[in-house]
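Numbers given in the numbering used here equal positions in the sequence shown, counted from 1, plus 299. Note that beta-carbon positions come from the ideal geometry of N, C-alpha and C, so glycine has one too. A short worksheet on the structure shown next.
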Amino acid sequence: MKTDKRIMILSVVVAFITTFAIYRYMDNLISANDEANFKEVWVANQEIPMKTKITGEMLEKKKVRADLMANGAVTNENDVLGKYALYSLVEGEQVVDSKVADVEKTYFSFNIPKNQRAITVEVDQVSGVADLIRPGDYVDVLVLFEEYETTAGGFKSVHPDTSKDMLQKVLVLSVDKNFEFGSEAPAAEVEDSERKRRITLSVNAWDAEKVVIAQEEGKVHLALRNPEDNDIQETNGAVKQDIVNR
């Protein structure tokens, strides 16, 4: 009898433990699927190549369990629309903030207007308007060619020093490596007329060729313009005699 009683008690205990375990399992299962434990994230509904501008058609909203959310997962559509993929995204991948960015601040090439080229000229404090040029400014590009001689048909011709305003109303894309429009002037530095700055300009392909010749064969100067001045003036260039005859 004692043995039967012990078996009965043990059976009751085992049944209780089993029931409790099943209850806890079901409770955890229900909790895991509770709406409160799910978060809405944005995922790619197609493959998005690197450096692609992200649009609404490329994304879809998806609910995932909080413990399965990627670190930095985007939950607000406005945090990703219009930005660019810094890395390729595969279909179904959660979009995370570290994989998207305003590329204008990351890739300089996206700041170049369409059908334009970025080309850099090196200037000093004199030819570069005393370091007053900033990204977003507009300049004229002038070139000074020193006197040179040419011979044709046995006749020698002497060409005097000539200055020419070769390009007008040219957009400045960057000053050295600073390409943020509206940026403040750099901190005051020791005056040094020999210190060089590199000004990157936005020009078309034909004008880019002319800038290369100007830098290799002459000396380039920049003239700063008022950004609201759209006037383009035709010039014939200037030589020393033009100053004397004035």
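Check, Outcome
"Is DSSP giving VAL543 helix, strand or coil here?", "helix"
"In angstroms with no decimal places, state the Cα-to-Cα distance between GLY546 and ALA507.", "The structure shown does not extend to residue 546, since the chain is modelled only from 300 through 545, so no value can be given for it."
"State buried or exposed for GLN393, treating a residue as buried only when at least 16 other CB atoms are found within 10 Å of its CB.", "buried"
"Please go through the region 389 to 440 and give each complete beta strand (DSSP E) segment of 3 or more residues, from N-terminal end onward.", "416 to 422"
"Short check: CB of ALA387 to CB of GLY371, under 8 Å?", "The question names Ala, but residue 387 is Ser in the sequence shown. Contact: no."
"Relative to the alpha-carbon of PHE337, which residue among PRO348, ILE347 and LEU367 has its alpha-carbon at the smallest distance?", "LEU367"
"Span of the beta strand (DSSP E) holding ASP464?", "461 to 474"
"On the criterion of 16 or more Cβ atoms from any shown chain inside 10 Å, does MET465 qualify as buried, or is it exposed?", "buried"
"Would you call LYS382 buried or exposed, if buried means 16 or more other Cβ atoms sit within 10 Å of its Cβ?", "buried"
"Out of PHE478, ASP475, VAL440 and GLY452, which one is the CA nearest neighbour of GLN467?", "VAL440"
"Find the nearest neighbour of LYS509 within the set LEU431, LEU443 and ARG433, judged by alpha-carbon distance.", "LEU443"
"Which runs of the alpha helix (DSSP H) at least 4 residues long sit entirely within the region 503 to 536? Give them in chain order.", "504 to 516"
"Helix, strand or coil for ASN336? Go by DSSP, reduced to three states.", "helix"
"Look up THR318 in the DSSP assignment and say whether it is helix, strand or coil.", "helix"
"So, are the CB atoms of VAL373 and LEU385 less than 8 Å apart?", "no"
"Among the residues of its own chain, which have a CB less than 8 Å from the CB of GLU390, if the five just before and after it don't count?", "ALA343, ASN344, GLN345 and GLU346"
"Quick check: what's the CA-CA separation for GLN415 versus PHE454?", "41 Å"
"Give me the residue from ALA522, THR318, GLN532 and GLY536 with the minimum Cα distance to ILE432.", "ALA522"
"Figure out for me which residue from VAL428, LYS463 and PRO459 has the closest Cα to the Cα of GLN532.", "LYS463"
"With a 10 Å radius around its C-beta and 16 neighbouring C-beta atoms as the bar for buried, classify GLY427 as buried or exposed.", "buried"
"May I have the straight-line CA-CA distance separating THR534 from VAL395, to the nearest angstrom?", "54 Å"
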